[in-house]
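The next block holds one structure in the form of structure tokens; read it before the comments.
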Ligand SMILES: Nc1ncnc2c1ncn2[C@@H]1O[C@H](COP(=O)(O)OP(=O)(O)OP(=O)(O)O)[C@@H](O)[C@H]1O
Ligand SMILES: [Mg+2]
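Numbering (our numbering), first residue to last: 7 to 347.
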């Protein structure tokens with residue numbers, strides 16, 4: 007690795023630092039973190055000096071893998087080689103460009119510190135298109151893109167738009183639902199030595215829902231696999247009934263209604279920033295609104311980004327808009343400042 011990927015200049019011939027392996031795939035749950043850890047351990051066992059970098063701050067899977075490995079080695083009195091690990095948290099700034107600059111700084115400084123000391127740097131990226139993830143792809147010497155071994159995913163390889171590399175999500179490919187259903191049922195059967203099957207009515211209802219516009223499949227394959235896993239597990243004697251399907255549909259609806267669930271339970275955001283007295287003085291009307299605003303803020307990297315999302319419709323009708331300013335004033339009404347959220 008050298009700084010060429012980060013700066014845009016190309017001095018690849020002069021590359022003398024660590025070899026950077028980036029595990030990336032915008033699709034969630036495809037095996038990035040697991041692959042990153044396996045590569046790291048395999049290289050360690052081959053005698054190389056290895057550093058790992060976790061850019062997925064939301065999940066920190068690789069960070070946990072590394073921590074667990076160290077903990078287990080200590081507890082068991084074993085001499086297990088553990089990679090040198092670093093994790094880059096996403097920066098929060100009022101302006102997206104500032105946040106990106108800060109993330110750039112953190113990653114480049116972190117890498118500069120380890121570049122010359124290690125033979126390999128293994129980078130795990132989030133299952134989302136983030137600035138840090140793009141940066142990592144730019145500095146990769148080797149890019150590893152794990153794929154799920156499903157028909158949906160293999161078929162997808164043939165459908166990648168040659169020019170834009172755009173990948174359609176599962177919700178945009180209703181024709182893939184049924185073949186993938188068979189695949190998931192067979193996979194469950196192989197693991198549990200029991201072949202699950204739907205009643206006719208249940209199967210029709212499930213497919214009707216699963217291919218409807220209402221089915222968001224926000225987690226793509228992960229959502230779908232988990233859904234079949236749940237129904238197969240809950241079905242008595244492997245027979246999935248209409249009741250199993252109805253329950254599962256409700257479960258999925260609830261999950262998809264909470265796109266911001268990672269920011270916490272509905273009232274968490276309010277309780278975090280307002281003390282008990284101020285919370286008690288809020289009208290239920292304001293409480294709902296403010297809570298949603300705070301949850302959006304928690305997911306946004308800048309005040310402008312949050313403002314753009316929150317005022318997405320009304321901003322179309324104004325000749326000049328300053329969403330960040332509107333949001334700043336709204337928060338100020340409750341004595342809140344972006345920096346303190
Ligand atoms: N080669 C594999 N074979 C079978 N299961 C696997 C394989 N690799 C990973 N898995 C399993 O798939 C699941 C997702 O793996 P992992 O967390 O590594 O994916 P990810 O791409 O990092 O997900 P995310 O996008 O959420 O970060 C885990 O339960 C993991 O144990
Ligand atoms: Mg991961």
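Heads up, the beta-carbon is just placed ideally off N, CA and C, and yes, glycines get one too.
Reference residue i; option with closest CA among the options
i: residue 43; options: 65, 311, 323 and 70; result: 70
i: residue 206; options: 245, 197, 323 and 177; result: 245
i: residue 201; options: 178, 190 and 221; result: 190
i: residue 174; options: 74, 226 and 249; result: 226
i: residue 230; options: 188, 321, 161 and 278; result: 188
i: residue 24; options: 59, 35, 34 and 41; result: 59
i: residue 114; options: 138, 98 and 331; result: 138
i: residue 218; options: 259, 239, 312 and 253; result: 259
i: residue 318; options: 329, 297 and 309; result: 329
i: residue 4; options: 95, 54 and 293; result: There is no way to answer for residue 4, as the model of the chain reaches only from 7 to 347.
i: residue 391; options: 210, 84 and 140; result: The structure shown does not extend to residue 391, since the chain is modelled only from 7 through 347, so no value can be given for it.
i: residue 136; options: 117, 102 and 159; result: 102
i: residue 100; options: 120, 304 and 73; result: 304
i: residue 92; options: 163, 215 and 120; result: 120
CA-to-CA distance, residue j to residue i, given in whole angstroms
i: residue 203; j: residue 89; result: 45 angstroms
i: residue 255; j: residue 183; result: 15 angstroms
i: residue 16; j: residue 337; result: Low per-residue confidence applies at residue 16: pLDDT is 36, beneath 50, and the placement is therefore not dependable, though the value from the model is reported in the following sentence. Rounded to whole angstroms, residue 16 to residue 337 spans 45 angstroms at the Cα level.
i: residue 266; j: residue 195; result: Reliability of the predicted coordinates at residue 266 is poor, the pLDDT of 42 falling under 50, and no value is obtained from them.
i: residue 263; j: residue 82; result: 44 angstroms
i: residue 79; j: residue 232; result: 32 angstroms
i: residue 341; j: residue 281; result: 12 angstroms
i: residue 271; j: residue 301; result: For residue 271, the predicted structure reports a pLDDT of 45, less than 50, and the residue's modelled location is therefore unreliable. A value from the coordinates is still provided. In a straight line, the C-alpha of residue 271 is about 9 angstroms away from that of residue 301.
i: residue 293; j: residue 308; result: 22 angstroms
i: residue 335; j: residue 285; result: 19 angstroms
DSSP beta-bridge partners of residue i
i: residue 69; result: Answer by DSSP bridge pairing: none, since residue 69 is not bridged.
i: residue 246; result: 204
i: residue 101; result: Answer is none; residue 101 lacks a bridge partner.
i: residue 149; result: 28
i: residue 58; result: 91 and 128
Contact set for residue i: own chain, Cβ-Cβ below 7 angstroms, skip 5 residues either direction
i: residue 185; result: 157
i: residue 222; result: 177 and 262
Spatial neighbours of residue i in its chain, beta-carbon cut-off 6 angstroms, leaving aside the 5 residues before and after
i: residue 198; result: none
i: residue 39; result: 67, 68 and 130
i: residue 339; result: none
i: residue 46; result: 56, 58, 89 and 128
Residues of its chain near residue i, where Cβ-Cβ distance is below 8 angstroms and the 5 sequence neighbours each way are ignored
i: residue 236; result: 254 and 257
Any non-hydrogen atom of ligand 4 closer than 7 angstroms to residue i Cβ
i: residue 63; result: With respect to small molecules bound, the structure shown includes ligand 1 and ligand 2 and not ligand 4.
Quiz item: With contact counted as at least three CB pairs below 8 angstroms, one residue from each stretch, are the segment 136-155 and the segment 29-45 in contact?
Solution: yes
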